[in-house]
Every structure is written in structure tokens, then in C-alpha cells.
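In this note's numbering, the protein residues as written are 377 to 570.
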């Protein structure tokens with residue numbers, strides 16, 4: 377079976393994460409031709425960016441958490457061509473986060489925007505689960521279980537956002553704030569801190 381150096385995938389992933397995280401902020405801007413007459417008008421216009429900024433913050437920290445999970449575990453040195461293929465698919469969906477984030481930032485009060493964003497993030501989470509299972513060195517299995525528990529919690533918050541979009545669409549994105557509890561809950565459920 378042909379293998380590939382994991383370090384090359386990691387280098388590509390670092391670049392893609394950096395680029396995707398940078399692209400996110402480009403959606404949070406005031407139009408250049410926006411007539412602003414005074415400070416009060418500027419404050420009103422900045423406040424109107426709030427939905428886009430929330431999408432930016434959530435997406436930035438989701439990407440940061442995925443990047444961290446890529447680097448925090450001791451991984452194998454070589455990967456199979458199958459892992460390489462799935463890594464490329466995973467990185468494709470990482471590069472899709474700025475798009476789904478911009479859609480939900482602009483149209484977060486509409487359920488389909490929330491569904492698109494949640495679907496993108498659920499796919500990213502599912503692929504990261506699969507990749508971590510195939511790449512982690514055996515001595516890091518406890519770290520892996522804690523990371524997987526956090527990822528499952530994240531996926532549950534994405535599903536909750538979809539449900540909320542059907543009931544109170546304007547508040548659906550706040551379901552992702554529950555992920556603040558994911559780390560402490562994962563550690564508590566698995567019985568020890570890492």
C-alpha cells in the first residue's frame with residue numbers, strides 16, 4: 377500500500393485554515409459608499425453588522441478548534457492514500473466555511489441559511505472524527521476520546537441550531553454558544569482532565 381508523509385498534509389491544512397480564517401472577516405464590513413453623517417449614524421450601521429459578526433466569531437472559533445484538533449494529538453508519520461483522499465475532502469469543506477458563514481451572516485433569520493451553515497459544519501465535524509480515528513497514535517487514545525466527545529457535542533449544537541431555525545430563526549446561531557461547555561463536559565464524562 378502506498379503511503380504519504382503526514383507532514384505534507386499538515387502543511388497544506390495549516391495554509392488552508394489560515395486562509396479560510398482570514399477570509400471570514402472580509403464579510404464583516406461597511407459598504408464603501410455608505411453615507412454616514414455622524415457618530416450616531418455610524419453606531420447604527422455598525423450595529424447592523426451584528427449578525428455577520430456573530431457568524432464570523434462562531435466560524436473563526438469553529439475553524440480554530442478544528443485546527444487545534446489537527447495539531448494537538450501525536451499522529452502517525454505516514455498515511456494511506458485513502459486518508460490522503462479524505463483529508464482533501466475535509467479541507468474542501470473547511471474552505472466552504474467562509475461561504476456558508478457569509479450566507480448565515482447575511483440571512484441568518486431565514487432557516488435555509490442556518491441549514492446550509494449547520495450542514496457544512498456537521499460535515500466538517502464528521503470528517504474530522506473519521507480522520508482522527510485513522511491518524512492518532514495509540515498512546516493518545518484518551519485525548520482522542522475527549523476530542524471526539526467535544527466534536528459530537530458540537531454536532532449536536534449544529535442540529536439544535538437547525539431545530540431552532542424552525543421555531544425562532546433569529547436565535548438559531550446562538551445554539552453554537554453551548555460549545556463553551558463542551559470541554560468541561562467531555563472531561564467530566566470521561567473522568568479525568570487531560
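Every residue, glycine too, gets a C-beta built ideally from N, C-alpha and C. Keep in mind the model is a prediction, meaning the values are calculated, not measured.
Tell whether a beta-carbon distance below 8 Å holds between residue 530 and residue 551.
no
Between the Cα of residue 453 and those of 382, 545, 544, 563, spot the shortest distance and give me the residue it belongs to.
382
In chain order, what residues of the same chain have a beta carbon less than 8 Å from the beta carbon of residue 525, not counting five sequence neighbours either side?
558, 561, 562, 565, 566
Inter-residue spacing [alpha-carbon to alpha-carbon] between residue 498 and residue 470:
11 Å
So, with DSSP's three-state summary, where would you put residue 404?
coil
Would DSSP call residue 474 helix, strand or coil?
helix
Helix, strand or coil: how does DSSP classify residue 544 here?
coil
May I ask you to list the residues that DSSP assigns as paired with residue 456?
379
What separation, rounded to the nearest whole angstrom, lies between the Cα atoms of residue 598 and residue 421?
Because the chain is modelled from 377 through 570, residue 598 falls outside the range shown and cannot be assessed.
Quick check on residue 562: does DSSP put it in helix, strand or coil?
helix
Give the DSSP-derived three-state secondary structure of residue 413 in the structure shown.
coil
Just to confirm my understanding: we take residue 377, look at its own chain, exclude 5 residues before and 5 after, and list those with CB closer than 7 Å. What are they?
456
Tell me which residue opens and which closes the alpha helix (DSSP H) that residue 557 is part of.
Here residue 557 belongs to no alpha helix (DSSP H), and DSSP marks it neither H nor E.
Tell me whether residue 556 is buried or exposed, calling it buried when 16 or more other Cβ atoms sit within 10 Å of its Cβ.
exposed
If you draw a straight line from the C-alpha of residue 570 to the C-alpha of residue 445, how long is it?
Here residue 570 scores only 44 on pLDDT, less than 50, and its place in the model should not be relied on; the value that follows carries that caveat. Each residue's Cα considered, the two are about 14 Å apart.
My understanding is that residue 481 touches residue 545, with C-beta atoms under 8 Å, so please give their C-beta distance in whole angstroms.
No, residue 481 and residue 545 are not in contact; Cβ-Cβ is about 14 Å, not under 8 Å.
Looking only at its chain, what residues have a beta carbon closer than 7 Å to the beta carbon of residue 538, apart from the 5 residues adjacent to it on each side?
490, 491, 494
Once DSSP output is grouped into helix, strand and coil, what is the label at residue 486?
coil
Which residue wins for smallest C-alpha separation from residue 475, given the options 508, 435, 386?
435
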